[in-house]
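Taking it in order: structure first as structure tokens, then the write-up.
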DNA sequence: TTAAAAGTTCAAAACGTTTTAGATTATTGA
DNA sequence: TCAATAATCTAAAACGTTTTGAACTTTTAA
């Protein structure tokens, strides 16, 4: 492996100048820079990351901890995130180190990785409401960025979507279509996103003088969504459903169908779509109207924010909320006249 | 962060002695060692990995590349392996860096990670027969260890089970029970393990004067296994099935049942069980007789072998074949008399 | 023509370890 | 007692960068 010394020896320059030339410092003569670059290319020079890291004090590694369930399965979105993040981090010469959290104490895995004392920071995702990991890391001054948001006034870098606005958008669309009995089939209330979806839903309904009494918070399984929807259809006669995910929408649409009703003639369905690989909103019958914000889109910003944060950008300048895009397809329509 | 210098200053010792004391070198006086250790403990000293790595020339990071399918799902065993490997590697102060392979060229992801020039080696798993990754890495002199085996005379470190013996064990058991028409529902022939299972099966049958003509190689899906078994039962009247996995066994047993037959009265079933988290052999009805070799057991040996290999142990001393254990349960029994 | 300013380069220190070669002290054998 | 040996410790180099502070060279301004 060629080193800076090799290049400097070959050109009769000092190591310092070679280093600066390759790192684009302005004070090096353009001719020298070119000569240096040429030799570096010829020798196939690649900087030794370890040496760089020793002197800069950073390790070039960030950690991420995968929460896995007892059956050793993880979130279906995991690989989506993994793929995007490793690619985006690689652009900053940074590696992603993974560890697995199977324990009850959600901070234990972080402690273990930190003890090894080699990570520059963490990337967190899927926060619970008032996530204990956040306080743990904040308390120790460990840099991290969060995909999502676990509290109202975060003091840490965060990238996510405005989940209250997501619900509000859906409600607005449906109300404009004449719906008044609107149900929300939400995720589990432990998740921060579900809490926001619910409060956004309630606020949006209230603002229009509607009652938000048809809300079910439960694990985002098709089977659960199916039961909830069937139950609501039987007892409360909603004309529209707002669904927290496409998987939930699948359950809801099945229930509508099994109830002998039709989408969108009798019942409208709107879902939020973070573009999971398996359940594609476009392939529903009819195709789903969604608020769309692909998870994949979060990876690059998250990586950039992590790097910026490590370089000193304060947290308050690293808080981004992406807007979900409303995509109208066939699953929404005017409220059935007779039910108004 | 306390450094060696801090400790040496406090004790009036040289940095060299402190380093040796903490690293257990024999030439340091036991009393000095204790004094050093005491101060190190008090100051909460932890060696700077980056500095260690600069001087030793190793990065302390090994790579693993996850092959994921187009739908962004991966092998169900992935997290099993991930969990075990990160834990085992951590004991050697080594981190696992993950990358994702979604491309057609299986070596592309390795090239990309190697270009970043920061990994000490790779851990490979799930080899195909004559896996192209092996030649790629061997050709470049990159250290790696393989979980499994892709060729007959491997020149690289490998840990796995003797897949030919696995088939042989199953055949032996069934023949001793009086079976003569034995089918093999195997995995896809692209995988190295499936090729070995098949040849082991054929050899074992032949050695007993039986014909091995009831073989199906296909993706290890329950649905495929179901069709193959149903087909074989209708046309060839096997009295026993050897299954490449518990998932396959599930399909086979369903087919036996749907055919109006009973396990083990009419048909015996033996499966290989690598202890996948979802399909537990013990929970079958009747419980499955299996050759058992948990994937999880491979993680620690693999990690140890990786480290040993990096420290210079030659490949030929790092080739271990674990034996699968035969576990007799309710799915096997004597061959039905009338069919012999 | 000369002093100041700007442009360019260099030597050396620093990061925190491990390791080599050598020095000092203690112990042993005769 | 003295040399040889063993035990213990040290100083310094090395790993490959980045960065500091200074030095040298060229250009500019008067």
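Residue numbers (this note's numbering), protein chains in the order written: chain A, 755 to 1094; chain B, 755 to 1094.
Idealized CB from N, CA, C, for every residue including glycine.
Just so you know, these numbers come straight off a predicted model, no measurement behind them.
(message) Judging by CA-CA distance, which residue of 758(A), 816(A), 779(A) is the nearest neighbour of residue 1063(A)?
(response) Of the candidates 758(A), 816(A), 779(A), the one whose C-alpha sits nearest the C-alpha of residue 1063(A) is 816(A).
(request) Please classify residue 934(B): does DSSP put it in a helix, a strand, or coil? (result) DSSP places residue 934(B) in coil when its eight states are reduced to three.
(request) Quick one: which residues of the segment 787–813 of chain B get their C-beta closer than 7 Å to a C-beta of chain A? List them in chain order. (result) So the close ones are 800, 803, 804, 805, 807, 808, 813.
(request) Please look up how many angstroms separate the CB atoms of residue 932(B) and residue 998(B), rounded, as I've assumed it's under 8 Å. (result) Incorrect: roughly 23 Å between the Cβ atoms, too far for contact.
(message) Just checking: is the beta-carbon of residue 816(B) within a distance shorter than 8 Å of some beta-carbon in chain A?
(response) Not an interface residue.
(request) Indicate whether residue 1035(A) and residue 901(A) have their beta-carbon atoms separated by less than 8 Å. (result) No. Outside cutoff.
(message) Three Cβ pairs or more, each shorter than 8 Å: is that satisfied between the segment 783–794 of chain B and the segment 759–766 of chain B?
(response) Flag = yes, the segment 783–794 of chain B and the segment 759–766 of chain B touch.
(message) Taking the alpha helix (DSSP H) that residue 1022(B) belongs to, which residues open and close that run?
(response) Where residue 1022(B) is concerned, there is no enclosing alpha helix (DSSP H), although the beta strand (DSSP E) it sits in stretches over 1022–1027.
(request) Pull up the DSSP beta-bridge partners for residue 1073(B), would you. (result) Looking at the DSSP assignment, residue 1073(B) forms a beta bridge with 912(B).
(request) Identify the continuous beta strand (DSSP E) that holds residue 971(B) and give its terminal residues. (result) Residue 971(B): member of the beta strand (DSSP E) spanning 969–971, first to last residue.
(request) Could you work out which residues of chain B lie near residue 856(A), taking near to mean beta carbons separated by less than 9 Å? (result) By Cβ distance, chain B contributes 837.
(request) Look at the alpha carbon of residue 1020(A) and the alpha carbon of residue 1077(A), and state the distance between them as a whole number of angstroms. (result) For residue 1020(A) and residue 1077(A), the distance between alpha carbons rounds to 29 Å.
(message) For residue 1023(B) and residue 1017(B), what's the separation of their Cα atoms in angstroms?
(response) Those two C-alpha atoms are separated by around 7 Å.
(message) Can you look up residue 853(A) in the DSSP assignment and give me helix, strand or coil?
(response) Strand at residue 853(A).
(request) Tell me whether residue 878(A) sits in a helix, a strand or coil according to DSSP, three-state version. (result) In the structure shown, residue 878(A) sits in a strand (DSSP, three-state: E or B).
(message) Excluding the 5 residues flanking residue 885(B) on each side, which residues of the same chain have their C-beta closer than 6 Å to its C-beta?
(response) The beta carbon of residue 885(B) is closer than 6 Å to those of 904 in its chain, skipping five residues each way along the sequence.
(request) Below 8 Å on the Cβ atoms is my guess for residue 1049(B) versus residue 835(B); work out the distance and round it to an integer in Å. (result) Residue 1049(B) to residue 835(B), Cβ: 6 Å. Contact.
(request) Starting from the beta carbon of residue 850(B), find every residue of chain A whose beta carbon is closer than 8 Å, and list them in chain order. (result) Correct list: 851, 852.
(message) Once DSSP output is grouped into helix, strand and coil, what is the label at residue 811(A)?
(response) Of the three classes helix, strand and coil, the one that applies to residue 811(A) here is coil, per DSSP.
(message) Bridge partners for residue 901(B) per DSSP, in chain order?
(response) Paired residues: 879(B), 913(B).
(request) Work out the CA separation of residue 911(A) and residue 1085(A) for me, nearest whole Å. (result) So the alpha carbons of these two residues sit roughly 36 Å apart.
(message) Suppose you measure from the CA of residue 1069(A) to the CA of residue 775(B); what does that come to, to the nearest Å?
(response) Roughly 42 Å separates the two Cα atoms.
(request) Report the neighbours of residue 859(B) on chain A: residues whose CB is nearer than 9 Å to its CB, in chain order. (result) Result: empty, since nearest Cβ-Cβ is about 16 Å, beyond 9 Å.
(request) Tell me whether residue 796(B) is buried or exposed, calling it buried when 16 or more other Cβ atoms sit within 10 Å of its Cβ. (result) With fewer than 16 other Cβ atoms within 10 Å, it is exposed.
(request) To the nearest angstrom, report how far apart residue 973(A) and residue 928(A) are at their CA atoms. (result) Approximately 24 Å between the Cα atoms of the pair.
(message) Would the segment 999–1006 of chain A count as touching the segment 974–981 of chain A if we require 3 or more Cβ pairs under 8 Å?
(response) Enough Cβ pairs lie closer than 8 Å, so yes.
(request) Using the DSSP secondary-structure output, state which residues sit across from residue 952(B) in a beta bridge. (result) Within the DSSP secondary-structure output, residue 952(B) pairs in no beta bridge.
(request) Please list the partners that residue 1000(A) has in chain B, where partner means a Cβ-to-Cβ separation under 9 Å. (result) By Cβ distance, chain B contributes nothing, its closest Cβ being about 14 Å from residue 1000(A), past 9 Å.
(message) Taking beta-carbon pairs under 7 Å, can you tell me which members of the segment 969–990 of chain A lie near chain B?
(response) Residues of the segment 969–990 of chain A with a C-beta less than 7 Å from any C-beta of chain B: none at all.
(message) With a threshold of 8 Å between beta-carbons, can residue 1094(B) be considered close to chain A, or not?
(response) With a pLDDT of 42 at residue 1094(B), under the threshold of 50, the predicted position of this residue should be treated as unreliable, and no value is reported.
(message) Assuming contact is defined by CB atoms lying nearer than 8 Å, are residue 818(B) and residue 852(B) in contact in what I supplied?
(response) Yes. Within cutoff.
(request) Please list the partners that residue 871(B) has in chain A, where partner means a Cβ-to-Cβ separation under 9 Å. (result) What residue 871(B) touches in chain A: 755, 800, 801, 802, 803.
(request) Using the Cα positions of residue 967(A) and residue 945(A), report the straight-line distance between them to the nearest angstrom. (result) Their backbone Cα atoms lie some 20 Å apart in a straight line.
(message) I'd like to know if residue 840(B) contacts chain A, where contact means its C-beta is closer than 8 Å to some C-beta of that chain.
(response) Yes, because at least one Cβ of chain A sits closer than 8 Å to the Cβ of residue 840(B).
(message) Considering only their Cβ atoms, is the gap separating residue 1033(A) from residue 1080(A) smaller than 8 Å?
(response) With contacts defined as CB atoms closer than 8 Å, residue 1080(A) and residue 1033(A) fail to qualify as a contacting pair.
(request) Tell whether a beta-carbon distance below 8 Å holds between residue 847(A) and residue 803(A). (result) Yes. Within cutoff.
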